[in-house]
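Worksheet: one structure, shown below.
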Ligand SMILES: [Fe+2]
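In my numbering, the protein residues as written are 467 to 770.
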């Protein structure tokens with residue numbers, strides 16, 4: 467399967483409205499000028515593709531859908547065939563759903579952990595439309611997509627097998643820490659577009675990473691977070707594997723935003739060698755003052 471990037475993320479949250487200020491003012495995202503998701507949805511983006519991050523008012527902090535880009539219609543048809551051969555039920559998006567997602571065509575399925583994913587092609591691009599909510603040098607997207615997501619899954623082996631064997635993700639590296647294993651997966655030069663961490667009985671979104679072009683933008687965002695007394699989930703630090711210099715802020719919706727700069731890339735995928743590490747960071751990334759994550763939910767064990 468030819469997934470090329472993380473295209474979009476939709477989240478449900480009781481605090482969706484807070485993103486109308488948190489997104490543009492703190493993170494420097496642009497508010498997408500459309501109401502495709504309805505008046506209860508805050509639609510944001512970090513480049514010229516509107517609505518890459520949509521947060522909709524709802525009773526729970528939970529991921530509604532993770533959107534993955536494919537190059538074209540033929541690749542989407544091939545992906546459907548691959549999923550169905552693997553015994554996965556695939557639902558075709560309606561014209562209305564495609565319009566709301568701003569794509570030509572999409573299909574939807576559920577992964578073994580229970581997350582809803584969409585595969586799409588033909589995302590809307592409005593060249594020159596990116597108007598960040600504050601001064602910023604911009605975000606690293608283009609061939610690398612929106613950023614990366616880190617998911618908590620109840621069964622790491624089962625999810626890893628699904629993402630690699632069925633969806634075609636490639637392992638970048640693995641990190642063992644605090645008794646957990648994190649596996650990092652790439653589909654383009656971004657070191658990881660997805661990472662998964664196994665926590666038995668739990669499922670949820672740990673964080674979304676947004677990468678800025680200029681180191682000063684990390685400092686400016688960090689200062690804004692401190693000034694506004696927004697809970698910091700992890701202090702400034704530099705990751706051991708992708709060398710991202712970042713901090714983690716608790717979003718209004720229980721998951722964290724990793725705000726980073728300077729990550730290394732996977733430039734020659736066929737020559738990439740998987741390694742494993744014992745620490746997530748070279749320095750920093752100490753726990754901050756944020757409350758425990760609130761975008762995780764218990765998963766009932768399968769009926770035996
Ligand atoms: Fe991250």
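Positions of the beta carbon are idealized from the N, C-alpha and C atoms, including for glycine.
task = Rounded to whole angstroms, what's the CA-CA distance from residue 524 to residue 554? Just pull it up for me.
result = 27 Å
Touch test, the segment 674-691 against the segment 631-643, Cβ-Cβ under 8 Å, three pairs minimum = no
message = Closer than 7 Å to a non-hydrogen atom of ligand 1 - does that hold for the CB of residue 640?
response = no
request  = Would you decide whether residue 594 is buried or exposed? Buried here means 16 or more other CB atoms lie within 10 Å of its CB.
outcome  = exposed
ask   = Given a threshold of 16 other Cβ atoms within 10 Å of its Cβ, counted over all protein chains shown, does residue 623 qualify as buried or as exposed?
value = exposed
task = Count the other CB atoms, across all protein chains shown, that sit within 10 Å of the CB of residue 535; report buried if there are 16 or more and exposed otherwise.
result = buried
inquiry  = Pull the bridge partners of residue 642 from the DSSP assignment, please.
reply    = 647
request  = Evaluate contact between the segment 476-494 and the segment 652-670, counting only Cβ atoms and requiring at least three cross-stretch pairs below 8 Å.
outcome  = no
key: 8 Å CB neighbourhood of residue 757 in its chain, flanking five on each side removed   = 697, 716
request  = Using only the heavy atoms of ligand 1, determine whether one of them is closer than 7 Å to the beta carbon of residue 673.
outcome  = yes
query = What runs of the alpha helix (DSSP H), each 4 residues or longer, lie entirely inside the segment 561-646?
reply = 561-567, 622-627
request  = Count the other CB atoms, across all protein chains shown, that sit within 10 Å of the CB of residue 611; report buried if there are 16 or more and exposed otherwise.
outcome  = buried
request  = Run through the segment 698-763 for me and flag every whole beta strand (DSSP E) of 3 or more residues, listed as ranges in chain order.
outcome  = 698-705, 711-716, 722-727, 741-743, 747-750
query = Is the segment 722-739 touching the segment 660-677, taking contact as three or more C-beta pairs under 8 Å?
reply = yes
Residue 530: first and last residue of the uninterrupted beta strand (DSSP E) it sits in = 528-535
query = For residue 628, which residues from the same chain have a beta carbon less than 7 Å from its beta carbon, with the 5 sequence-adjacent residues on both sides left out?
reply = 577, 578
key: Spatial distance of residue 511 from residue 700 (CA atoms)   = 23 Å
query = If you draw a straight line from the C-alpha of residue 487 to the C-alpha of residue 663, how long is it?
reply = 30 Å
Contact between the segment 591-610 and the segment 536-551 (3+ Cβ pairs under 8 Å) = no
inquiry  = I'd like to confirm something about residue 535: is its beta-carbon nearer than 7 Å to some heavy atom of ligand 1, or not?
reply    = no
query = On the three-state DSSP scale, how would you describe residue 551?
reply = helix
task = Under 7 Å Cβ to Cβ from residue 538, same chain only, skipping five residues before and after it: list those, please.
result = 587
ask   = Where does residue 511 fall in DSSP's three states?
value = strand
Residues near residue 841 in its chain [Cβ-Cβ closer than 6 Å; skip 5 each side] = Because the chain here runs from 467 to 770, residue 841 falls outside it and cannot be looked at.
key: Residue span of the alpha helix (DSSP H) that contains residue 521, given as start and end   = Element bounds for residue 521: not the alpha helix (DSSP H) but the beta strand (DSSP E), 519-523.
message = Please identify the residue among 541, 730, 765, 705 whose C-alpha is closest to the C-alpha of residue 750.
response = 705
message = Starting from residue 695, trace the beta strand (DSSP E) in both directions and tell me its first and last residue.
response = No beta strand (DSSP E) contains residue 695, which DSSP labels as neither H nor E.
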